[in-house]
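Asks: Okay, handing you the structure first.
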Amino acid sequence: MVYLIGVGDLDAEEASFTQEDYDRARAHLNLDKPLIVQYVLWISKIAQGDFGEDLGDEGRPIFDNIKKKIPITLRLAIPAYILAALVGIPVGVYASIRRGTISDIILRGVAALGSAAPEFWVAIVAIYMFAVKFPILPIAFIGEGFTFKHYILPVSVMGLTSTAGYIRLVRSTMLEVLDSEYVKLARAKGLSHREIIWKHAFRNALLAPLTVAGLMFVGFLTGSVAVELVFAWPGIARYAVVAVQNNNLPVLVATTLLITLTYVIVTFTVDILYGLIDPRIRYS
């Protein structure tokens, strides 16, 4: 049985598509109206949460599927985001204050390797090592049997590969701040090393990492394609990739709009936070 949106059911044995069926389909999809009217009607439906029907799920509303996929992705993105921040920021600060030492060189090498390694390759290697060679962790999300163990591999892969970016960015911004005049003045005044690093240097070096942190979170939320595919995680990114593979245009349009809207909201929020972190920034 083939279902045409809003037109009716056509038996698979039917070899013809009548002019009446064609006209009904055009009327239902508003294709018989001027282009500007079609666009306004489409925008009004989007504003009401009506993204159309999922052609690959028996005509189920796309918005209903998205509402189910987003929480699943958040269960993966939020722990990975926290892991990347908790590891990457302190390590980046440590590398900056140990500039030129053996530990700094090692950390820079690890960060460069982490930035260069493709996420899907890291995921495959992690599966081979911890689920095949040493079967101590489950490979993928398995629905009702989901436990904490299912988080470990995908969260670690997604979080640790992003940690490398944090390390490199925090280190470079901290080095720039540590060479500034006000930090030299703070040292001359006899302030403690801890106070100089965390109260003066780190706060002023936080703007660039904050920008990346916002974009990184959106990337975790909407761009975790490799991890969701490799670990069979049924989130929003995998939903979009399957839509591409199946030429499911309504789903692809809906997920693209969602990603764009999320980037706009997060970027705007980060801009507002700038004023809270740096007192020199004022909004009028």
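To convert, take the position in the sequence shown, counting from 1, and add 731; that gives the numbering used here.
For glycine and all other residues, C-beta sits at the position ideal for the given N, C-alpha and C.
Between the Cα of Glu-784 and those of Ala-971, Asn-979 and Ile-833, spot the shortest distance and give me the residue it belongs to.
Replies: Locating residue 784 in the sequence shown gives position 53, where the first residue counts as 1. Minimum Cα distance to Glu-784 is reached at Asn-979.
Asks: Using the C-alpha atoms, what's the distance from Ala-917 back to Lys-930?
Replies: What you label residue 930 is simply residue 199 of the sequence shown in a count that begins at 1. What you label residue 917 is simply residue 186 of the sequence shown in a count that begins at 1. Roughly 11 Å between the two C-alpha positions.
Asks: Our contact map puts Ser-846 next to Arg-791 with C-beta atoms below 8 Å; I'd like the distance itself, whole angstroms only.
Replies: What you label residue 846 is simply residue 115 of the sequence shown in a count that begins at 1. What you label residue 791 is simply residue 60 of the sequence shown in a count that begins at 1. About 40 Å; that fails the 8 Å criterion.
Asks: Any idea if Tyr-859 is buried or exposed, counting beta-carbon neighbours within 10 angstroms, 16 or more meaning buried?
Replies: If you number the sequence shown from 1, residue 859 lands on position 128. Result: exposed.
Asks: Please classify Ala-743: does DSSP put it in a helix, a strand, or coil?
Replies: By 1-based counting over the sequence shown, the position of residue 743 is 12. Because the pLDDT of Ala-743 is 42, which lies under 50, any placement of that residue in the model is unreliable, and the question is left without a value.
Asks: Is the stretch 918-938 close to the stretch 947-961, with three or more CB pairs under 8 Å?
Replies: Too few Cβ pairs lie closer than 8 Å, so no.
Asks: Just to confirm the assignment, what range does the alpha helix (DSSP H) spanning Ala-857 have?
Replies: By one-based count along the sequence shown, residue 857 stands at place 126. Segment 850-858, the alpha helix (DSSP H) holding Ala-857.
Asks: Can you tell me which of the three DSSP states Glu-751 falls into?
Replies: Translated into the one-based positions of the sequence shown, residue 751 becomes position 20. Looking at Glu-751 - three-state DSSP - the assignment turns out to be helix.
Asks: Between Arg-830 and Ile-813, what straight-line distance do the alpha-carbon atoms span, to the nearest angstrom?
Replies: Walking along the sequence shown from the start, residue 830 turns up at place 99. Walking along the sequence shown from the start, residue 813 turns up at place 82. Computed Cα separation, rounded: 26 Å.
Asks: What number of angstroms, rounded off, separates the C-alpha of Glu-850 from the C-alpha of Ser-955?
Replies: Within the sequence shown, numbered from 1, the residue matching residue 850 stands at position 119. Within the sequence shown, numbered from 1, the residue matching residue 955 stands at position 224. Between Glu-850 and Ser-955, the C-alpha separation is close to 9 Å.
Asks: Given a threshold of 16 other Cβ atoms within 10 Å of its Cβ, counted over all protein chains shown, does Asp-742 qualify as buried or as exposed?
Replies: Reading the sequence shown from its first residue, position 11 is the one you call residue 742. Here Asp-742 scores only 46 on pLDDT, less than 50, and its place in the model should not be relied on; the value that follows carries that caveat. The residue in question, Asp-742, is exposed, as its Cβ has fewer than 16 Cβ neighbours within 10 Å.
Asks: Taking the DSSP output, what are the residues bridged to Pro-792?
Replies: Numbered from 1 along the sequence shown, position 61 holds the residue referred to as residue 792. Its beta-bridge partners are Glu-784.
Asks: Evaluate contact between the stretch 826-842 and the stretch 902-919, counting only Cβ atoms and requiring at least three cross-stretch pairs below 8 Å.
Replies: With a cut-off of 8 Å, the stretch 902-919 and the stretch 826-842 count as touching, because enough Cβ pairs lie within range.
Asks: Report the residue from Thr-894, Glu-751, Leu-772 and Glu-789 whose alpha carbon sits nearest the alpha carbon of Leu-838.
Replies: As a working note, residue 838 is residue 107 in the sequence shown. Nearest of Thr-894, Glu-751, Leu-772 and Glu-789 to Leu-838, Cα basis: Thr-894.
Asks: When the Cα atoms are used, what is the spatial distance from Tyr-1005 to Gly-819?
Replies: For the purposes of this step, residue 1005 is identified with residue 274 of the sequence shown, where counting begins at 1. For the purposes of this step, residue 819 is identified with residue 88 of the sequence shown, where counting begins at 1. For Tyr-1005 and Gly-819, the distance between alpha carbons rounds to 21 Å.
Asks: From what residue to what residue does the alpha helix (DSSP H) around His-881 run?
Replies: Counting from one through the sequence shown, the residue named residue 881 turns up at place 150. Run containing His-881: 880-909, per the alpha helix (DSSP H) assignment.
Asks: Could you tell me the alpha carbon to alpha carbon distance between Ile-809 and Gly-787, rounded to whole angstroms?
Replies: Walking along the sequence shown from the start, residue 809 turns up at place 78. Walking along the sequence shown from the start, residue 787 turns up at place 56. C-alpha separation (whole angstroms): 29 Å.
Asks: Over the uninterrupted alpha helix (DSSP H) stretch that includes Gln-1017, give me the two end residues.
Replies: The structure shown does not extend to residue 1017, since the chain is modelled only from 732 to 1015, so the question has no answer here.
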